[in-house]
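Chemist: Mind having a look at this structure? Questions to follow.
2 protein chains.
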Amino acid sequence: MLGKTTEYAIRALVYIYIQNMEGERPGFKEIAKMIDSPEQFTGKVLQNLARAELVSSMKGRGGGFFFNEPTNPITLFKVIEAIEGKEYFSKCGFGLKRCDANNPCPLHDDYAYVRDSFFKMVNEKTIQSLANKINKREATLNRL
Amino acid sequence: MLGKTTEYAIRALVYIYIQNMEGERPGFKEIAKMIDSPEQFTGKVLQNLARAELVSSMKGRGGGFFFNEPTNPITLFKVIEAIEGKEYFSKCGFGLKRCDANNPCPLHDDYAYVRDSFFKMVNEKTIQSLANKINKREATLNRL
DNA sequence: ATATAAAAAGACCTATATGTCTTTTTATAA
DNA sequence: TTATAAAAAGACATATAGGTCTTTTTATAT
Chain C
711 MLGKTTEYAI RALVYIYIQN MEGERPGFKE IAKMIDSPEQ FTGKVLQNLA RAELVSSMKG
771 RGGGFFFNEP TNPITLFKVI EAIEGKEYFS KCGFGLKRCD ANNPCPLHDD YAYVRDSFFK
831 MVNEKTIQSL ANKINKREAT LNRL
Chain B
711 MLGKTTEYAI RALVYIYIQN MEGERPGFKE IAKMIDSPEQ FTGKVLQNLA RAELVSSMKG
771 RGGGFFFNEP TNPITLFKVI EAIEGKEYFS KCGFGLKRCD ANNPCPLHDD YAYVRDSFFK
831 MVNEKTIQSL ANKINKREAT LNRL
């Protein structure tokens, strides 16, 4: 469903958020180790997330990744949009270039239902809500 | 959601089915033109579908693609499985290697709901049901 | 000031998906 | 039996996603 890059992005942000709650600013090497992702590539992904202003970073000694204090919850949708692109939730599931209610593909309505339930889910779930689930030991990030 | 290759595969099979109902056995060039897909690549995709026994083909004059007369309806799931691979509907949405009810990722249940609604849909919809929708002019394949 | 530890940046590499071109095989019609 | 029309096959080509390596920049501690 989602690309690996997006999966790394979400897991990385969740890990950063959890560490921030402990007062830590993890670097990409630590993050990669903890979320089980390729180190350098994770650095690149985090660069992109920082450029998209979904996370902040500091260079130099004591630097790392962190969220600015009063951060609005970050929905998974925002992350998906930043990594996969804006059209992710609007393409025709049947591959037609033009497909709408007037000129629908034969999957139109049924696909819309599935897509919308996915869309709803990624708008409800946030980096923060996932992190809380992990902190309550109701779920795992694979390590920690 | 689905790769382009799978989209071509589904559209091609629907077109073949519709033409078969008219007593025709279209070739890949005609199919590609009608479903708006790259010609040679569509030929390759159809080769794979034929190898997977989702469709039959005849070489030589008068040849082309067709379904054997008493064909069980072909679900979209079968096509997806043949093109995308068996694991398409079983991977963790969060990217964890091991993720199950005992050791769930923080998206486990919510993702399962979305994935299962997609799974249900592709098991209900068949090449035949999509073709019928198009024949009744309730939907379009882009041409025809 | 200097050393150090961190992210940023840029050049590259690899794998996979997607797509094209050419040749071979095969069924049918003339 | 030969010409023809079709799929099959194989060798390429291109684009994108995923990944690595090296160098540069920058903040901090000494």
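Top to bottom, those sequences are chains C and B.
Heads up: the first sequence begins at 711 in my numbering, then just goes up one per residue.
Heads up: the second sequence begins at 711 in my numbering, then just goes up one per residue.
C-beta: ideal position from N, C-alpha, C; glycine also.
Small disclaimer: the values here were computed from a predicted structure and weren't measured.
#1: For B:T752 and B:F738, which I take to be in contact (beta-carbon distance under 8 Å), what is that distance rounded to the nearest angstrom?
#2: Could you tell me the distance, in whole angstroms, from the CA atom of C:G733 to the CA atom of C:F776?
#3: DSSP three-state call for B:T781: helix, strand or coil?
#4: Which residues bound the beta strand (DSSP E) around B:G803?
#5: Is DSSP giving C:G774 helix, strand or coil here?
#6: With a floor of 4 residues, list each alpha helix (DSSP H) that falls wholly inside the region 821 to 850 of chain C, ordered by position along the chain.
#7: Going by C-alpha to C-alpha distance, which of C:Y821, C:Q757, C:N852, C:R761 sits closest to B:L712?
#8: Nearest CA to the CA of C:F787: which residue from C:T850, C:N845, C:E848, C:E834?
#9: So, is the C-beta of B:S800 closer than 8 Å to a C-beta in chain C?
#10: Any heavy atom of the ligand SAH closer than 7 Å to the CB of C:K830?
#11: Report yes or no: is there a C-beta of chain C within less than 8 Å of the C-beta of B:E717?
#12: Okay, do the region 756 to 766 of chain C and the region 719 to 732 of chain C touch, 3+ Cβ pairs below 8 Å being the bar?
#13: With DSSP run on the structure shown, which of helix, strand or coil describes B:N852?
#14: Quick one: Cα of C:A719 to Cα of C:H818, how far?
#15: Among all the DSSP beta bridges, which residues are the ones paired with C:N813?
#16: By DSSP's criteria, B:M688 is part of a beta bridge. Which residues make up the other side?
#17: Once DSSP output is grouped into helix, strand and coil, what is the label at C:D819?
#18: Among residues of its own chain, excluding the 5 on either side of B:S747, which ones have a beta-carbon nearer than 6 Å to its beta-carbon?
Modeler: In short, the structure shows the following:
#1: As a first step, residue 752 of chain B must be located in the second sequence, where it is residue number 42. As a first step, residue 738 of chain B must be located in the second sequence, where it is residue number 28. Contact holds; Cβ gap of about 5 Å.
#2: Residue numbering aside, residue 733 of chain C sits at position 23 when the first sequence is read from its first letter. Residue numbering aside, residue 776 of chain C sits at position 66 when the first sequence is read from its first letter. C:G733 and C:F776: Cα-Cα distance of roughly 10 Å.
#3: The count along the second sequence starts at 1 and reaches residue 781 of chain B at position 71. Three-state result, B:T781: coil.
#4: Indexing the second sequence from 1 puts residue 803 of chain B at position 93. Segment: none, B:G803 is in no beta strand (DSSP E) and carries neither H nor E.
#5: What you label residue 774 of chain C is simply residue 64 of the first sequence in a count that begins at 1. It is a strand residue.
#6: 837 to 845
#7: Counting from one through the second sequence, the residue named residue 712 of chain B turns up at place 2. B:L712 has its Cα closest to that of C:Y821, out of C:Y821, C:Q757, C:N852, C:R761.
#8: On the first sequence, position 77 is the one that residue 787 of chain C refers to. Ranking the options by Cα distance to C:F787, first place goes to C:E834.
#9: Position 90 of the second sequence, counted from the start, is the residue given in the question as residue 800 of chain B. No - not a single Cβ of chain C is within 8 Å of the one on B:S800.
#10: Among the ligands in the structure shown, none appear at all, so the ligand SAH cannot be discussed.
#11: Taking the first residue of the second sequence as 1, we reach residue 717 of chain B at position 7. B:E717 counts as touching chain C.
#12: yes
#13: Residue mapping note: residue 852 of chain B aligns to position 142 of the second sequence, counting from 1. Reduced to three states, the DSSP call for B:N852 is coil.
#14: For the purposes of this step, residue 719 of chain C is taken as the residue at position 9 of the first sequence. For the purposes of this step, residue 818 of chain C is taken as the residue at position 108 of the first sequence. If you take the alpha carbons of C:A719 and C:H818, they lie about 30 Å apart.
#15: Residue mapping note: residue 813 of chain C aligns to position 103 of the first sequence, counting from 1. Per DSSP, C:D810.
#16: The structure shown does not extend to residue 688 of chain B, since chain B is modelled only from 711 through 854, so no value can be given for it.
#17: Numbered from 1 along the first sequence, position 109 holds the residue referred to as residue 819 of chain C. Helix.
#18: Indexing the second sequence from 1 puts residue 747 of chain B at position 37. Cβ within range, chain order: Y718.
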